[in-house]
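Here the numbering used here = 1-based position in the sequence shown + 491. Note that the Cβ used here is the ideal one computed from N, Cα and C, for glycine as well. First comes the structure, then the notes that go with it.
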Amino acid sequence: MPDDRLRYLAELERKILWLASWTVHNANHRRESRDGMKVGGHQASCASLATILTALYFAVLKPEDRVAVKPHASPVFHAIQYLLGKQSREKLENFRGYGGAQSYPSRTKDIDDVDFSTGSVGLGVAITAFASMVQDYVHAHGWAADRPKGRMIALVGDAELDEGNIYEALLEGWKFGLRNTWWIIDYNRQSLDAVVHEDLHTRFEQLFAAMGWELKVLKYGKLQEAAFAEPGGDVLKGWIDTAPNQLYSALTFQGGAAWRKRLLDDLGDQGDVSRLLERRSDDELAALMSNLGGHDLASILEAFESIDHDRPVCFLCYTVKGFGLPLAGHKDNHAGLMNEAQIAKLRSAMAIRDGREWEKFEGLGVPPVELDAFLRQVPFAQGGERRLHAGRIAVPEELAWPAQKETSTQAAFGNLLNEIARGQSEFSAHIVTTSPDVTVSTNLGAWVNRRGLFARDAVRDLFRDHKIP
Ligand SMILES: Cc1ncc(C[n+]2csc(CCOP(=O)(O)OP(=O)(O)O)c2C)c(N)n1
Ligand SMILES: [Mg+2]
492 MPDDRLRYLA
502 ELERKILWLA
512 SWTVHNANHR
522 RESRDGMKVG
532 GHQASCASLA
542 TILTALYFAV
552 LKPEDRVAVK
562 PHASPVFHAI
572 QYLLGKQSRE
582 KLENFRGYGG
592 AQSYPSRTKD
602 IDDVDFSTGS
612 VGLGVAITAF
622 ASMVQDYVHA
632 HGWAADRPKG
642 RMIALVGDAE
652 LDEGNIYEAL
662 LEGWKFGLRN
672 TWWIIDYNRQ
682 SLDAVVHEDL
692 HTRFEQLFAA
702 MGWELKVLKY
712 GKLQEAAFAE
722 PGGDVLKGWI
732 DTAPNQLYSA
742 LTFQGGAAWR
752 KRLLDDLGDQ
762 GDVSRLLERR
772 SDDELAALMS
782 NLGGHDLASI
792 LEAFESIDHD
802 RPVCFLCYTV
812 KGFGLPLAGH
822 KDNHAGLMNE
832 AQIAKLRSAM
842 AIRDGREWEK
852 FEGLGVPPVE
862 LDAFLRQVPF
872 AQGGERRLHA
882 GRIAVPEELA
892 WPAQKETSTQ
902 AAFGNLLNEI
912 ARGQSEFSAH
922 IVTTSPDVTV
932 STNLGAWVNR
942 RGLFARDAVR
952 DLFRDHKIP
């Protein structure tokens, strides 16, 4: 059954790709206060995630979900919030300027409902696992009984997986029985400086399986799957599966004619597959070869919406860095910026008239009223403010514990917490200590003995059961 949402989502995908590109372009080339200083921005990193973010924010996410956006995709995030009415044009025009929308999503400086600040790669990934554990803690204490649990979702640049904290978080999650966590890897096989190692995906696959995660690989889009089903399609698929990352990137950058030449050199005169290639124009061939799973809305929706459990899931999504832009696939595209001629070409491809670059519904293939109605019913945008505020808890003016003339700071710390733990106050019930394996040496033993340790499921203490002093 055709999915009605795809019509609107495809238009929104185009729109956010444009707005993100234009936001960066405007900051670098147009802003009146330009003083010749470098501004920068990451149009290619944005394009890599535009399809996935479209599917998430405009269809899959619920208000209770929380998202850590890949730092360099910040402009796409701001574009989405702009369309949802939560970001202002003024802030976009002042992107990377004082008071403008931030280069990397910021909870404190941005106005558009950022869930996790990101920027230092890797941290935004790991924090979602800990956020999920905190959510379990809060629910287990009955403090959020009126709220559904949300999914903690990280959009992960493939080079973020170079960061060691991610593996500590994975192991911690395994120990804890992690739930409600999705990591969506933007597998464009490019980092900042380079094309990533061949075959990294098999390492990731084994790692996530070892940690008890479900792994979903989104490698081929629907166009590719349809082509594989044609006579000779299996040969093309075999070529794609064995093509080195660098070659795939280089051909993506070069476009349809280069694809044809290389594919015919490698596969020519093999009967059916040659005709499969001949049936397509250069543009169609380029579209086919870049139709990877992470750029196919239907495949992405299917994958996200097929998850019917709360175990952690890793989606390994094949993407193209710079998808849909003239920067696509180039190994040095990380901080690459389109020039005036390139942005003008993109603008006309997007059917956007001069001077209407910021208009939300300009150049789209569906009537504005329909798109507006679609945006109003987006599940993520229902339910009002998403940011929660904790109630205030009374803190005792003083504790019964007598001041001592001389003591060590460690002993004082332990004694203070022990004193607080004595009463069943709201205050003591809301303190959580997270001592990284130094409970004894930081003098927290007494506190822990009174308050207990937290786990999702009951754990027996055999030393206590056997009355071992
Ligand atoms: C801790 C840390 N180290 C290094 C950087 C510099 N840096 C910025 S982006 C990036 C990698 C970008 O590659 P990837 O995560 O694959 O994202 P892509 O742009 O390819 O989507 C690096 C190393 C950083 N922001 N934070
Ligand atoms: Mg990358």
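- One thing to note: Thr514 has its Cβ no nearer than 8 Å to the Cβ of Ala564.
- A distance below 8 Å separates the beta carbons of Val612 and Pro562.
- Spatial neighbours of Ile618 in its own chain (CB-CB distance under 7 Å, excluding positions within 5 residues in sequence) are listed in chain order as Ala559, Phe607.
- Between the alpha carbons of Thr930 and Gly905 lies a gap of roughly 10 Å.
- Measuring C-alpha to C-alpha distances from Arg670 to each of Asp845, Arg580, Leu767, Ile644 identifies Ile644 as the nearest.
- Classified as exposed, Ile884 has fewer than 16 neighbouring CB atoms from the shown chains inside 10 Å of its CB.
- Straight through space, the alpha carbons of Arg496 and Leu866 are spaced by roughly 11 Å.
- Beta-bridge pairing by DSSP links Thr672 to Met643.
- Residues of the same chain with their beta carbon placed closer than 8 Å to that of Lys958 are lacking, with the five preceding and five following residues left out of the count.
- With contacts defined as CB atoms closer than 8 Å, Leu767 and Gly723 qualify as a contacting pair.
- Less than 8 Å divides the Cβ of Cys537 from the Cβ of Pro566.
- The continuous alpha helix (DSSP H) containing Glu581 extends over residues 580-584.
- In the structure shown, Gln681 adopts extended strand secondary structure according to DSSP, grouped into three states.
- In this model, Arg694 and Ala864 are separated by some 44 Å (Cα to Cα).
- Residue pairing by DSSP places Phe806 opposite Ile675, Lys707 in a beta bridge.
- With contacts defined as CB atoms closer than 8 Å, Phe549 and Leu510 fail to qualify as a contacting pair.
- Between Ala660 and Phe621, the gap from beta carbon to beta carbon is short of 8 Å.
- The region 623-643 and the region 591-600 do not touch, with fewer than 3 CB-CB distances between them shorter than 8 Å.
- In the three-state DSSP reduction, Gly613 falls in the coil class, being neither helix nor strand.
- Partner residues in the beta bridge of Ala559, as assigned by DSSP, are Ala645.
- The three-state secondary structure of Leu783, taken from DSSP, is strand.
- Around the C-beta of Ala535, 16 or more other C-beta atoms lie within 10 Å, and the residue is accordingly described as buried.
- A contact is defined here as three or more CB-CB pairs under 8 Å, and the region 830-850 fails this definition with respect to the region 778-793.
- By the C-beta density criterion, His632 is exposed, having fewer than 16 other C-beta atoms within 10 angstroms.
- As computed with DSSP, Val629 is found in no beta bridge at all.
- Taking 7 Å as the cut-off, one finds no heavy atom of ligand 1 near enough to the beta carbon of Glu689.
- Sixteen is the threshold: when 16 or more other Cβ atoms of the shown chains lie within 10 Å of the Cβ of Phe814, as they do, the residue is buried.
- Under DSSP, Val605 takes part in no beta bridge, so it has no partner.
- Taking C-beta atoms as the reference points, Cys805 and Leu706 count as a pair closer than 8 Å.
- If you ignore the 5 residues before and after Glu689, its C-beta comes within less than 8 Å of the C-beta of Pro735, Asn736, all in its own chain and listed in chain order.
- If you look at Val939, you'll find it in the alpha helix (DSSP H) that goes 936-942.
- Here DSSP, grouped into helix, strand and coil, assigns Val860 to helix.
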